[in-house]
Amino acid sequence: MKKNLNSIIVGLVLTFIFSTLVNPQIPLIKNALHRIEGIIYDLRLNATLPEKVRQSDHNILVVDIDEKALQEIGRFPWSRTVVKDLVTKLVDAGVVVIGFDVTFSEPEVNPIDKMLESEMGVDLYQNDPDYFEQLKVDLDADMQLASVLGDTDIVVGVLFQDQADIQSGALKEPSVILLDQSAQKITSRVYRGQTSNIDIIRDAAIGQGFFNSSTDPDGFIRRALTIIEHKGKFYPSLALEAARLYTLSDHIEVETTPLPGTDYHSITAVKFGKTRIPTDEFGQVLVPYRGGQKSFPYYSAADILKERINPELLEAGIALIGTSAVGLADLRSTSVGLQYPGVEVHANVLEGILQPELFSYRPDWWQGSLYLQILLVGLLLSLLLPMLGPFWMALVGLVTMASTIGLNLYLWQMKIELPLSQPLALAFFITMYNLARGFFSENSNRQQIKSMFDQYVPPAHIDKMLTDPSAVSLEGERKEMSVLFSDIRSFTSISEKLSANELKDMLNEYFSPITKSIFEHQGTIDKYVGDMVMAFWGAPLDDPQHAQNSVIAGFDMLKITRELREEFVKRDWPEIYVGIGINTGDMNVGDMGSEYRRSYTVLGDAVNLGSRLEGLTKFYGLEFLVSEFTKEQCPDIAFRPVDKVKVKGKEEAVAIFEPVAVRDSVDSGLAAELALLDTAYQDYLSQHWSEARTHYQSLLEKNPTKKLYSLYLERIEHLEQNPPGDDWDGSFTHTSK
201 MKKNLNSIIV GLVLTFIFST LVNPQIPLIK NALHRIEGII YDLRLNATLP EKVRQSDHNI
261 LVVDIDEKAL QEIGRFPWSR TVVKDLVTKL VDAGVVVIGF DVTFSEPEVN PIDKMLESEM
321 GVDLYQNDPD YFEQLKVDLD ADMQLASVLG DTDIVVGVLF QDQADIQSGA LKEPSVILLD
381 QSAQKITSRV YRGQTSNIDI IRDAAIGQGF FNSSTDPDGF IRRALTIIEH KGKFYPSLAL
441 EAARLYTLSD HIEVETTPLP GTDYHSITAV KFGKTRIPTD EFGQVLVPYR GGQKSFPYYS
501 AADILKERIN PELLEAGIAL IGTSAVGLAD LRSTSVGLQY PGVEVHANVL EGILQPELFS
561 YRPDWWQGSL YLQILLVGLL LSLLLPMLGP FWMALVGLVT MASTIGLNLY LWQMKIELPL
621 SQPLALAFFI TMYNLARGFF SENSNRQQIK SMFDQYVPPA HIDKMLTDPS AVSLEGERKE
681 MSVLFSDIRS FTSISEKLSA NELKDMLNEY FSPITKSIFE HQGTIDKYVG DMVMAFWGAP
741 LDDPQHAQNS VIAGFDMLKI TRELREEFVK RDWPEIYVGI GINTGDMNVG DMGSEYRRSY
801 TVLGDAVNLG SRLEGLTKFY GLEFLVSEFT KEQCPDIAFR PVDKVKVKGK EEAVAIFEPV
861 AVRDSVDSGL AAELALLDTA YQDYLSQHWS EARTHYQSLL EKNPTKKLYS LYLERIEHLE
921 QNPPGDDWDG SFTHTSK
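Printed below as a string of structure tokens:
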């Protein structure tokens, strides 16, 4: 399992990421997922549509104001007298419910009113006003249409608007009621404006229903609203109201449930009579498309008006009057067609309401189910694929994806609609990641290995390793070496002051010369961890001068840091300071890891001490600390004694020193300071507090910024008051790393 830990982690991370997409809150991601899921929904729907259009238990038909009708009857809108004749023909043929996918929002101009716009007309009217008033009544097309609307169950159309200032016509009292009258806030779609019918039409019609469409972010109609809220009241859709009248139900009930933690009630279903239609929280249903355009019987309005249709075809029917004419702008993009008449969308919804078993729905437990699918797919592939070869990886991935699709299709056939994009995409990405990683692992070559070592080992080491493999051993071994740790001080606060790009640029400009310096002094880069650099000397090639080379590299790193600090200030970047710690001792070194992932590194207590020394630099106000074991092997380096410490987790005290300079470059002033410091430190170890205080005060006066000297003056004052005893070894115990 360890060999494939990287692939497992990536798979689990992908699983976590996809689990957050079950119910995303970021609009951009939410809309993108809706679009993807919409495409999958359309593919699934069309793949499962029967070859032959299903037979309906109800004679739902479309009266089409088509191109033929426009040519024969005239341009739309037609005179209300023509509409009256159309209604009469339908009623005479036995149609029991008629729904209008249009509104009659403006009164039709009366011919007598038109006549009175001219002087001649006024003269005629004045000759016999009673006659013309009666004629005006006889010619009132709105009244004529209203006179036949009560002959059968008629649903007139309403269009609700977002703009509150659009208030055209008047609404009937709605037929919708809430089952829970205590519900004050409902998760319904709220519209502030409306375009409805003139009073005489409204009063004559038994029902009214809106024909607003509900579009997804991609503009497709996959769902339909069953109710809409307007001014605190709830109104049914054209299809729902037609179904209510067809079933002779008195009213429509809205079923809600409280949303935990809010004062809202979520819509769960609409009911009339014994019929219950589950909906989503907005009162929407998935449109149960029975097929492409004209899956329902279409009859041209012209053929009905001119009695070219066998009345038996219309008997006991529910007629929806709408249009398929391109010029009348009621063609919609749907899952089953890009030029789909809006009136036929209502027909599909109406059939579903009358036959609720046709509706697919998303159950209350859909989110839990989706989480479970993602978890199972993610865990299965994350844990299994890294252990397989390319062929079996591909096979298992394909089988998993096919099974996911198969399960989704099975539930779809059971009328349960669940999202598919997240588990399917997760299976795809985990499979592709493992295939790609396996491919590159199997096709690695000598040059790739060389490129990998170039990042950590000096070029001279690489050349020798490639030309004389016997000179080095990549196998694990224990040998004396020196290890260096370097860290940027206050890196967290620095990173907060820079943008991501500036931080990247700063680290690149820092690491590049630092790495070059380590290479030039025969060091090997072990790793970079954030702002930390770890390097070692003495492997893979032997280096008798490993301790001294590491210290000289440390000097160079401090010089580079000072130069970079000046450059960074010019660029308005924060000043950088580093801490460096070096230790020398026996360490385990070798090419460690798995057969898939290896790293040439060092381990051991001596390595840990090097890391602790780097951490102590800040405590002493110094940039550079080494252990006594490193100092012993650097006769050409001048050191400043710092302390004798016990680090956390260790009982043995270790003397630590600050490398000052190469001895040949030490001037007389520095030499005098170091000599006085040696005397002061020996007096301190011998518990000669007065002499030690005098020396440290003298040192501090000459070096007022040296925190080390102030620290010892504080210690001396404390130890004078609290004598440590004769067995005191002069060590200080650090309780933190």
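Here my numbering = 1-based position in the sequence shown + 200. For glycine and all other residues, C-beta sits at the position ideal for the given N, C-alpha and C. Being a predicted model, the structure only gives us computed values, none of them experimental.
Is the beta carbon of Thr523 closer than 8 Å to that of Asp264? Looking up residue 264 in the sequence shown gives position 64. Looking up residue 523 in the sequence shown gives position 323. Yes, the pair counts as a contact, with Cβ atoms nearer than the cut-off.
Beta-carbon proximity of Arg490 to Arg275, cut-off 8 Å: If you number the sequence shown from 1, residue 490 lands on position 290. If you number the sequence shown from 1, residue 275 lands on position 75. Not closer than 8 Å, so no.
Beta-carbon within less than 7 Å of Asn645's beta-carbon, same chain only, minus the 5 sequence neighbours each way: which residues are those? Residue numbering aside, residue 645 sits at position 445 when the sequence shown is read from its first letter. Unreliable placement is indicated for Asn645, whose pLDDT of 41 sits below 50; no coordinate value is reported for it.
What residue does the alpha helix (DSSP H) around Val222 start on, and which one ends it? Position 22 of the sequence shown holds residue 222. From DSSP, Val222 is part of no alpha helix (DSSP H); its letter is neither H nor E.
Beta-carbon proximity of Arg423 to Val470, cut-off 8 Å: Residue 423 sits at position 223 when you count from the first residue of the sequence shown. Residue 470 sits at position 270 when you count from the first residue of the sequence shown. Not in contact: Arg423 and Val470 (Cβ atoms no closer than 8 Å).
Is the beta carbon of His465 closer than 8 Å to that of Thr479? For this step, residue 479 is matched to residue 279 along the sequence shown. For this step, residue 465 is matched to residue 265 along the sequence shown. Contact: no.
Is the Cβ-Cβ distance between Thr248 and Gln493 less than 8 Å? As a first step, residue 248 is located in the sequence shown; it is residue number 48 there, counting from the start. As a first step, residue 493 is located in the sequence shown; it is residue number 293 there, counting from the start. For Thr248 and Gln493, no; Cβs fall outside 8 Å.
To the nearest angstrom, how far is it from the Cα of Asp463 to the Cα of Val454? For the purposes of this step, residue 463 is identified with residue 263 of the sequence shown, where counting begins at 1. For the purposes of this step, residue 454 is identified with residue 254 of the sequence shown, where counting begins at 1. Whole-angstrom Cα-Cα distance: 17 Å.
How would you write the range of the alpha helix (DSSP H) that Val769 sits in, first residue to last? Within the sequence shown, numbered from 1, the residue matching residue 769 stands at position 569. Taken as a continuous stretch (DSSP letters only), the alpha helix (DSSP H) holding Val769 covers 746-770.
In terms of residues, what are the limits of the alpha helix (DSSP H) holding Ala404? For this step, residue 404 is matched to residue 204 along the sequence shown. For Ala404, the enclosing alpha helix (DSSP H) stretches over residues 399-404.
What number of angstroms, rounded off, separates the C-alpha of Pro488 from the C-alpha of Leu425? Here residue 488 refers to the residue found at position 288 when the sequence shown is read from its first residue. Here residue 425 refers to the residue found at position 225 when the sequence shown is read from its first residue. Roughly 13 Å separates the two Cα atoms.
In three-state terms, what does DSSP make of Ser569? Locating residue 569 in the sequence shown gives position 369, counting from the first residue. Three-state DSSP puts Ser569 in a helix.
Minimum C-alpha distance to Lys679 - residue among Pro744, Thr631, Tyr633, Val549: In the sequence shown, counting from the first residue as 1, residue 679 sits at position 479. Closest by C-alpha distance to Lys679, out of Pro744, Thr631, Tyr633, Val549, is Pro744.
What is the DSSP secondary structure of Asp340, counted as helix, strand or coil? For the purposes of this step, residue 340 is taken as residue 140 along the sequence shown, with counting starting at 1. In the structure shown, Asp340 adopts coil according to DSSP, grouped into three states.
Hey, how far is the Cα of Ile260 from the Cα of Gly517? Translated into the one-based positions of the sequence shown, residue 260 becomes position 60. Translated into the one-based positions of the sequence shown, residue 517 becomes position 317. Straight-line Cα distance between these residues: approximately 6 Å.
Determine contact between the region 339-350 and the region 283-302, defined as no fewer than three beta-carbon pairs at a distance below 8 Å. With the cut-off at 8 Å, the region 339-350 and the region 283-302 touch.
Gln363 vs Arg402 beta-carbon contact at 8 Å: Along the sequence shown, read from residue 1 onward, the residue named residue 363 stands at position 163. Along the sequence shown, read from residue 1 onward, the residue named residue 402 stands at position 202. Cβ atoms of Gln363 and Arg402: not closer than 8 Å.
Residue interval of the alpha helix (DSSP H) (run including Asp731): Position 531 of the sequence shown, counting from 1, holds the residue named residue 731. DSSP places Asp731 outside any alpha helix (DSSP H), giving it a letter other than H or E.
Host beta strand (DSSP E) of Tyr912 (start-end): Counted from its first residue, the sequence shown places residue 912 at position 712. Where Tyr912 is concerned, there is no enclosing beta strand (DSSP E), although the alpha helix (DSSP H) it sits in stretches over 907-921.
Going by C-alpha distance, which of Met601, Val596, Asp530, Gly483 is nearest Arg562? Position 362 of the sequence shown, counting from 1, holds the residue named residue 562. Of the candidates Met601, Val596, Asp530, Gly483, Gly483 places its Cα closest to the Cα of Arg562.
Taking the continuous beta strand (DSSP E) assigned at Lys471, which residues delimit it? For the purposes of this step, residue 471 is taken as the residue at position 271 of the sequence shown. Its beta strand (DSSP E) spans residues 464-472.
May I have a chain-ordered list of the alpha helix (DSSP H) segments no shorter than 4 residues that lie completely inside the region 599-643? Those alpha helix (DSSP H) runs which fall completely within the region 599-643 and span 4+ residues are 621-642.
Please give the ranges of any alpha helix (DSSP H) in the region 353-439, keeping only runs that are unbroken, at least 4 residues long and fully inside the region. As far as the region 353-439 is concerned, its whole alpha helix (DSSP H) runs of at least 4 residues are 399-404.
Could you tell me the distance, in whole angstroms, from the CA atom of Ala878 to the CA atom of Leu212? For this step, residue 878 is matched to residue 678 along the sequence shown. For this step, residue 212 is matched to residue 12 along the sequence shown. Looking at the sequence shown, residue 878 is not Ala but Asp. Rounded to whole angstroms, Asp878 to Leu212 spans 58 Å at the Cα level.
Within 10 angstroms of its Cβ, does Glu617 collect 16 or more other Cβ (buried), or is it exposed? Within the sequence shown, the letter at position 417 stands for residue 617. So Glu617 ends up on the buried side.
Should Thr894 go down as buried or exposed, given a rule of 16 or more other Cβ atoms within 10 Å for buried? Within the sequence shown, residue 894 is the residue found at index 694, counting from 1. So Thr894 ends up on the exposed side.
Are the beta-carbon atoms of Leu876 and Ser898 separated by less than 8 Å? Along the sequence shown, read from residue 1 onward, the residue named residue 876 stands at position 676. Along the sequence shown, read from residue 1 onward, the residue named residue 898 stands at position 698. Contact flag set, yes.
According to the neighbour-count rule (16 or more other Cβ atoms, all chains shown, within 10 Å of its Cβ), is Val769 buried or exposed? The residue labelled residue 769 in the question sits at position 569 within the sequence shown. That one is exposed.
Where does Ile209 sit, in a helix, a strand or coil, going by DSSP? The residue given as residue 209 occupies position 9 in the sequence shown. Here Ile209 sits in helix by DSSP.
Roughly how far, in whole angstroms, is the beta-carbon of Gly409 from the beta-carbon of Pro436, given that I think they are within contact range, below 8 Å? Locating residue 409 in the sequence shown gives position 209, where the first residue counts as 1. Locating residue 436 in the sequence shown gives position 236, where the first residue counts as 1. In this structure Gly409 touches Pro436 by the C-beta definition: roughly 5 Å separates them, less than 8 Å.
C-alpha distance - Ile574 paired with Ser582, whole-angstrom precision: In the sequence shown, the residue the question calls residue 574 occupies position 374. In the sequence shown, the residue the question calls residue 582 occupies position 382. Those two C-alpha atoms are separated by around 12 Å.
With distances taken between CB atoms, is the gap from Phe179 to Lys831 smaller than 8 Å? With the chain running from 201 to 937 in the structure shown, residue 179 is simply not present.
Report the option in Pro586, Val729, Met732 whose CA atom is closest to the CA atom of Ala636. As a working note, residue 636 is residue 436 in the sequence shown. Taking only the C-alpha atoms, the option nearest Ala636 is Pro586.
Three-state secondary structure assigned by DSSP to Val454: On the sequence shown, residue 454 is found 254 positions in, with the first residue counted as 1. In this structure, Val454 counts as strand in the three-state DSSP scheme.
Asp927 - partner residues in DSSP beta bridges: On the sequence shown, residue 927 is found 727 positions in, with the first residue counted as 1. Answer is none; Asp927 lacks a bridge partner.
Collapsed DSSP secondary structure at Pro841 in the structure displayed: In the sequence shown, counting from the first residue as 1, residue 841 sits at position 641. It is a strand residue.
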